[in-house]
Amino acid sequence: MQRTVFSPLGAARPVAPKASTDCPPKALPSPDVGCIVSVPKDTSTMIHCIGIGPGDPDYLTLKGHRLISEADVVAGFDAVVDIIRPFIKPSAEIITMGYKDQPAQLAKVADRHAKARSCVVVFMGDLHFSGFQLLERVEHACGHSVPAVPGISSAQLMAEATRTCFDETTFLTFHRRGDIEPFKAHLASLLKQGRNAIIIPRPWDFMPHHIAAWLLENSVNPDLVLEVAENLSRRDARWTGTLATCPDHFSDMCIMLIRGGPAFPSQIDFTK
Ligand SMILES: C[S@@+](CC[C@H](N)C(=O)[O-])C[C@H]1O[C@@H](n2cnc3c(N)ncnc32)[C@H](O)[C@@H]1O
0 MQRTVFSPLG AARPVAPKAS TDCPPKALPS PDVGCIVSVP KDTSTMIHCI GIGPGDPDYL
60 TLKGHRLISE ADVVAGFDAV VDIIRPFIKP SAEIITMGYK DQPAQLAKVA DRHAKARSCV
120 VVFMGDLHFS GFQLLERVEH ACGHSVPAVP GISSAQLMAE ATRTCFDETT FLTFHRRGDI
180 EPFKAHLASL LKQGRNAIII PRPWDFMPHH IAAWLLENSV NPDLVLEVAE NLSRRDARWT
240 GTLATCPDHF SDMCIMLIRG GPAFPSQIDF TK
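The opening residue of the sequence shown carries number 0 in numbering that gives the first Met the number 0; numbering runs sequentially from there.
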């Protein structure tokens with residue numbers, strides 16, 4: 000069955016079913032399917048999805064901070080709401096949720112939004128990295144596209160911590176519902192091509208040591224450098240080794256970098 004995604008203009012577009020090749024599912028190009036629902040222009044009655052950054056509130060954007068502090072309703076997973084709780088105005092309604100009660104709690108948010116109360120739904124990091132399933136749920140509850148405010152992702156902090164260029168790197172998350180097999184195949188394939196991968200594991204059945212073991216079973220070079228970081232921006236802890244030596248003690252708040260090969264030469268000429 001196809002899933003539905005709302006484009007920024009509110010037009011629902013279909014997304015391809017799971018791929019059977021080594022590529023992950025991709026959005027189909029046609030935006031012409033489904034209904035168009037306009038998004039209110041008055042920001043005081045709007046709903047926003049906000050990426051709040053990787054944990055330390057210093058990484059929250061000014062725009063995210065403003066929208067959160069002005070909102071009548073603030074919603075999100077308990078641990079995420081806790082991070083921005085100091086910025087919520089005292090009169091605001093707080094709607095927290097877990098994985099099981101997301102639909103019911105998001106229905107409450109949609110109800111408040113329909114009653115013209117300003118709402119924000121907060122996401123960890125950036126919502127376009129491992130947040131899109133929640134974004135889809137928000138849009139499904141509201142029945143239209145919801146504007147998003149990007150946040151600083153744990154992937155960006157990982158790239159900075161490991162001095163890794165985005166353009167030599169693919170970002171992949173296994174922290175998702177559904178079939179991860181196409182994404183596993185994609186990971187093995189891109190590493191064999193010499194690209195780097197920054198990866199969010201899936202607690203607790205596809206953690207760094209499971210990922211490393213799976214890659215070794217699938218003929219990826221065991222000597223590829225692997226770095227795992229925990230709690231970036233708060234209690235940063237880093238482990239560096241190879242795929243073949245990955246330990247099994249990491250927490251669910253971890254992110255991985257696998258170097259597929261040497262970095263491209265920068266081609267900078269300091270004499271000019
Ligand atoms: C549902 S994903 C959301 C990722 C988020 N959208 C982002 O851009 O960072 C949550 C997972 O991201 C990873 N993660 C998020 N923040 C992190 C941090 N500060 N340090 C390390 N890993 C982090 C952990 O693997 C965590 O279980």
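Think of the CB as a built atom: it goes at the ideal place given N, C-alpha and C, for glycine as much as any other residue.
In this text the structure is predicted, and so the values were computed from the model without any measurement.
Per-residue DSSP class, three states only, for residue i
i    : result
G259 : coil
T60  : coil
G269 : Residue identity check: residue 269 is Phe in the sequence provided, not Gly. Note: F269 maps to coil in three-state DSSP.
I210 : helix
C141 : helix
V148 : strand
P185 : The sequence shown places His at residue 185, rather than the Pro named in the question. Helix, per DSSP.
F173 : coil
F249 : coil
I254 : strand
I67  : helix
I82  : helix
F131 : helix
Option nearest residue i by Cα separation, candidates the options
i    : options                : result
S152 : S250, F269, D55        : D55
R155 : L256, P261, E216, I87  : The sequence shown places Gln at residue 155, rather than the Arg named in the question. Q155 has its Cα closest to that of L256, out of L256, P261, E216, I87.
R201 : Q192, T172, E167       : T172
H185 : W203, V219, D166, A103 : V219
L66  : A196, Q132, C48        : C48
P207 : K114, F76, M252        : M252
K99  : G260, A113, D77        : D77
P261 : R194, D204, H139       : R194
G279 : W213, C141, I210, V148 : Outside the displayed range of the chain (0 to 271) lies residue 279, so it cannot be described from this structure.
A196 : R258, K62, S90, L215   : R258
V108 : G75, F131, F263        : G75
F249 : D204, P89, E216        : D204
D247 : I87, M123, A212        : A212
M96  : T270, H209, R111, L133 : L133
D110 : G142, L59, T60         : G142
F131 : R176, K88, K271        : R176
Y58  : N230, G150, H209       : G150
P264 : H64, E92, C164         : C164
Unbroken beta strand (DSSP E) run spanning residue i, endpoints
i    : result
I198 : 195-199
R237 : 236-241
C118 : 118-122
E229 : 224-229
V73  : 72-76
E167 : Here E167 belongs to no beta strand (DSSP E), and DSSP marks it neither H nor E.
I46  : 46-50
I93  : 92-96
Rounded Cβ spacing between residue i and residue j (contact assumed at less than 8 Å)
i    : j    : result
P181 : M45  : Rounded, the Cβ-Cβ distance is 35 Å, inconsistent with contact.
T168 : A158 : 7 Å
Q104 : I94  : 5 Å
A140 : A113 : With a Cβ gap of about 10 Å, A140 and A113 do not count as contacting.
S144 : E138 : 6 Å
P53  : S232 : 4 Å
A228 : R237 : 5 Å
I254 : I199 : 6 Å
Endpoints, the alpha helix (DSSP H) within which residue i is located
i    : result
S157 : Here the sequence assigns Met to residue 157, which means Ser is not the residue at that position. Here the alpha helix (DSSP H) through M157 covers 153-160.
A106 : 101-113
beta-carbon residue i near ligand 3 non-hydrogen atom, thresh 6 Å
i    : result
D125 : Judged by which ligands are present, ligand 3 is missing from the structure shown, whose ligands are ligand 1.
- Message: Quick test of the definition: if touching needs 3 or more C-beta pairs under 8 Å, does the region 224-244 touch the region 126-138?
- Response: Output reads no: the region 126-138 does not touch the region 224-244.
So, does the region 168-185 touch the region 73-89, judging by three or more C-beta pairs under 8 Å? Segments in contact, no.
Could you check whether the region 104-119 touches the region 63-75, counting it as contact only if at least three pairs of C-beta atoms, one from each stretch, sit closer than 8 Å?
Contact holds: three or more Cβ-Cβ distances are below 8 Å.
Check: Should the region 240-256 be regarded as contacting the region 184-199, the criterion being three or more beta carbon pairs within less than 8 Å?
Finding: Touching, yes.
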